[in-house]
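Chains as they are written, first to last, in the numbering used here: chain A, 1 to 315; chain B, 1 to 260. Backbone N, C-alpha and C fix where the C-beta goes; we use that ideal spot for every residue, glycine too. Fair warning: this is a prediction, and the values are worked out from it, not measured in the lab. Some notes on the structure that comes next.
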Amino acid sequence: MAGVWIISENRERVLELLNIGRQLAAKMGTRVSALLYQDSKEVQDCINHGADEVMLLPPLSRDQSPEIYIPVIIEEAKKGDPDLILLPATARGKDMAARIAAQLDVGLCSNCIALNFDDGSKSLVMERLAYGGVAVQTVICATRPAMATIPPRTYDTAMPETGRQGHVRELPAPAPSAVKTLERKVKERAAKDISEARTVVCVGRGIDKKDDLALARQLADILDGEIACTRPIAEEFHWLPEEVCIGLSGVQVKPDLYLGLGVSGQVQHLTGIRNAKVIAAVNKDENAPIFKAADFGIVGDLYDIVPKLVNELKK
Amino acid sequence: MRCRFVPTVIACFKWVVDEAYIRLRPSGDLDFSSVDYKIGEYDRNAIEAAVRSKEALGGKAIAVTVSMPEATKGVKDALSRGTDEAYFVADSSFGNLESSQTAFILAEVVRTRIQQYDLIICGEGSSDLYAQQVGPRLAEKLGIPCISFVQKFSITKGQLVAERRVEEGVEVITAPLPALVTVLPDINVPRIPGVKDTLMAGRKPTVKITKDELPPMGQPLLRTVSITASRMERSCEMFGTDAQEIARFVGSLRKRGVVG
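Written out as structure tokens, the structure is:
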């Protein structure tokens, strides 16, 4: 049967994976199958966006999370023998991918930022960041199926086509599990989604106290941007919520403009901003690593510079 | 009379290259010649969580690592951070293990040497390769529940309750023990060991295990073709702080079309 399999519970992620999945399937001379959870309304949508087959998983009960499907997916993969399985590099996607890979005893490229099918060796060559973003690690899965998790928004969503036909198949219900979901607290966003923002003003340790965030906010307002922060600001000081913390273990952004205020530029943080179109930075330490990763830099005290920037931008 | 629950909690850690010491050669190659090593950033949270569990409930906190023999320093560091004993699987060939191999060895050590345990804690990923697979793979090998990306947890006799952070929000999950959790970096602030802690660490037991004492592990399932410097091509243009320079800075942003 073979094919490229796509597994996600989120429509956006499915469409992004369909985009790269379809390109790869064309090169590999195979087809694309998507495993969808619960919502059968999305079946035709998924086929229109490039799936040749949809495998439908039965609805979850209140105390179940999608991880309960892992054994069903493993069984299906053993029978179906896919060439490649793709999941999004979200918390759930990474967890499920690693556990599926362990049970199938295959390799998995996590947080994969590029996939290319090498026609000569008939293998998938994949890239990922290592050492906090200092290095690019190029890997090949030595076993079948190849597996990868891909960070959200690495690829654009697939374009729909009309008149596409696809096969739909229902998968069996999962066995009961002793692991239960007691409660779901849906995130009330304290801030706007910075991963979609065109302009991001990011504060780092150079800011002295929580009240001074107002200064950064003023600048963000003028630039019509969102405010973000480095890890210490969210995790140690709790001045801003976790969801606006940029970095390897936080959010990865790709705005037109990233402006760092008092951000030193540790590699883990730089990894989160590497896809920004323009990187600008203000920091009083001329040796701050951020300047090596920035297009435009000002060595100066943010308390002096930000009001000047505000004035200039008002002109 | 009810028996008091005194859990055995295992923290797994990796002794990793401190990426701050990786230099870039003029040729653009990475230079690892003057690197130092450290306990992975995220694994410090795992160790801290295990030690806090012991401080709250009693029982035992065990540190486990699979590494090169040079990681003795890391084992001592883990012990000075408050763990009671360590299992150190060492071999000179363990410098570049792949996630599936590390998980295989850890599973062997847990199953055949430690045997009795209630909870395994791993960091959300190693701070060198950050594949984020060893925790989930280890849980699968042991056939125990895996709850990943946990921001808070509690254990009572036979039962784990964990708050897990996913994109949509937080899930509160319950699972029977033994179980494995991977913890997020904001679950705690790891302590910095003092002189006394370091002195005490030297007297704590370490079980050393060699490669020959374990069944043979498989080949890497993910083959690394190359590790090269990641390039961020930026113009690095610098500006002064006077009004004229600020105007030039803003002008540059406007020219690039990123400021209205």
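Start-to-end residues for the alpha helix (DSSP H) that takes in tyrosine 42(B): Translated into positions along the second sequence, residue 42(B) becomes position 42. Counting along the chain, the alpha helix (DSSP H) containing tyrosine 42(B) begins and ends at 41-57.
Beta-carbon proximity check, proline 160(A) vs histidine 49(A), cutoff 7 Å: The residue labelled residue 160(A) in the question sits at position 160 within the first sequence. The residue labelled residue 49(A) in the question sits at position 49 within the first sequence. The answer is yes: Cβ separation under 7 Å.
Partner residues on chain A for aspartate 128(B), Cβ-Cβ distance less than 7 Å: Working through the second sequence from its first residue, we reach residue 128(B) at position 128. Chain A residues near aspartate 128(B): Ala130 and Tyr131.
Cutoff 7 Å; reference phenylalanine 94(B); Cβ partners in own chain excluding five residues on either side: As a first step, residue 94(B) is located in the second sequence; it is residue number 94 there, counting from the start. These residues qualify, in order along the chain: Val66, Ser67 and Met68.
Minimum Cβ-Cβ distance from glutamate 312(A) to chain B less than 7 Å: Position 312 of the first sequence, counted from the first residue, corresponds to residue 312(A). Yes - at least one Cβ of chain B is within 7 Å of the one on glutamate 312(A).
Methionine 200(B): first and last residue of the uninterrupted alpha helix (DSSP H) it sits in: Residue mapping note: residue 200(B) aligns to position 200 of the second sequence, counting from 1. Here the alpha helix (DSSP H) through methionine 200(B) covers 195-201.
C-alpha distance - proline 220(B) paired with alanine 103(B), whole-angstrom precision: Start at 1 with the first residue of the second sequence, and residue 220(B) comes out as number 220. Start at 1 with the first residue of the second sequence, and residue 103(B) comes out as number 103. Taking the straight line from one Cα to the other gives about 11 Å.
Start-end ranges of the alpha helix (DSSP H) lying completely within the region 106-158 of chain B, minimum 4 residues: 134-142
Buried/exposed call for valine 181(B), threshold 16 Cβ in 10 Å: By one-based count along the second sequence, residue 181(B) stands at place 181. Per the 10 Å Cβ criterion, buried.
Cβ neighbour criterion (16 or more within 10 Å) applied to aspartate 304(A): Position 304 of the first sequence, counted from the first residue, corresponds to residue 304(A). Flag for aspartate 304(A) reads exposed.
Serine 126(B) vs lysine 14(B) beta-carbon contact at 7 Å: Numbered from its first residue, the second sequence carries residue 126(B) at position 126. Numbered from its first residue, the second sequence carries residue 14(B) at position 14. Going by C-beta atoms, serine 126(B) is nearer than 7 Å to lysine 14(B).
Stretch-stretch touch, CB-based, cutoff 8 Å, three pairs: the region 201-221 of chain A with the region 252-272 of chain A: A contact exists between the region 201-221 of chain A and the region 252-272 of chain A.
Separation of glycine 225(A) from alanine 197(A), as counted between CA atoms: Here residue 197(A) corresponds to residue number 197 of the first sequence, with the count starting at 1. Here residue 225(A) corresponds to residue number 225 of the first sequence, with the count starting at 1. Each residue's alpha carbon lies about 7 Å from the other.
Assigned secondary structure, histidine 269(A) (DSSP; H/G/I helix, E/B strand, else coil): For the purposes of this step, residue 269(A) is taken as residue 269 along the first sequence, with counting starting at 1. Here DSSP, grouped into helix, strand and coil, assigns histidine 269(A) to helix.
Every unbroken alpha helix (DSSP H) within the region 198-259 of chain A, with a cutoff of 4 residues, ordered by chain: 213-222
Status (buried if at least 16 other CB within 10 Å, exposed otherwise) for glycine 169(B): Start at 1 with the first residue of the second sequence, and residue 169(B) comes out as number 169. Counting the other Cβ atoms within 10 Å of the Cβ of glycine 169(B) gives fewer than 16, which makes it exposed.
Pairwise C-alpha distance: arginine 4(B) and valine 244(A): Counting from 1 along the first sequence, the entry for residue 244(A) is found at position 244. Counting from 1 along the second sequence, the entry for residue 4(B) is found at position 4. Rounded to whole angstroms, valine 244(A) and arginine 4(B) show a C-alpha spacing of 42 Å.
Alpha-carbon spacing of aspartate 45(A) relative to lysine 192(A), whole angstroms: In the first sequence, the residue the question calls residue 45(A) occupies position 45. In the first sequence, the residue the question calls residue 192(A) occupies position 192. The alpha-carbon atoms of aspartate 45(A) and lysine 192(A) are separated by roughly 28 Å.
Under 8 Å from the C-beta of alanine 103(B): neighbouring residues of chain A: Working through the second sequence from its first residue, we reach residue 103(B) at position 103. By Cβ distance, chain A contributes Ala102.
Proximal residues to valine 310(A) (C-beta, below 8 Å), its chain only, five neighbours per side dropped: If you number the first sequence from 1, residue 310(A) lands on position 310. Excluding sequence neighbours, valine 310(A) sits near Gln218, Leu219 and Ile222.
Residues that valine 203(A) contacts on chain B, provided the C-beta gap is smaller than 8 Å: The count along the first sequence starts at 1 and reaches residue 203(A) at position 203. Chain B residues near valine 203(A): none, gap ~17 Å exceeds 8 Å.
Pick from Ser100(B), Thr210(B) and Ala71(B) that is closest to tyrosine 37(B), judged by C-alpha positions: Numbered from 1 along the second sequence, position 37 holds the residue referred to as residue 37(B). It is Ala71(B) whose Cα lies nearest to the Cα of tyrosine 37(B).
Candidates Asp105(A), Ala91(A), Asp63(A) and Asp118(A), of which the one nearest alanine 26(A) by Cα: What you label residue 26(A) is simply residue 26 of the first sequence in a count that begins at 1. Here the closest residue by C-alpha is Asp118(A).
Neighbour flag for glycine 247(A) against chain B, beta carbons, 7 Å: As a first step, residue 247(A) is located in the first sequence; it is residue number 247 there, counting from the start. No, glycine 247(A) lies away from the interface with chain B (no Cβ there is under 7 Å from its Cβ).
is_contact[phenylalanine 13(B), chain A] using C-beta, thresh 7 Å: On the second sequence, position 13 is the one that residue 13(B) refers to. Not closer than 7 Å to any Cβ of chain A, the Cβ of phenylalanine 13(B) fails to qualify, so no.
Chain A contact residues for threonine 224(B), given Cβ-Cβ distances below 8 Å: Here residue 224(B) corresponds to residue number 224 of the second sequence, with the count starting at 1. Here the neighbours are Gln137, Thr138 and Val139.
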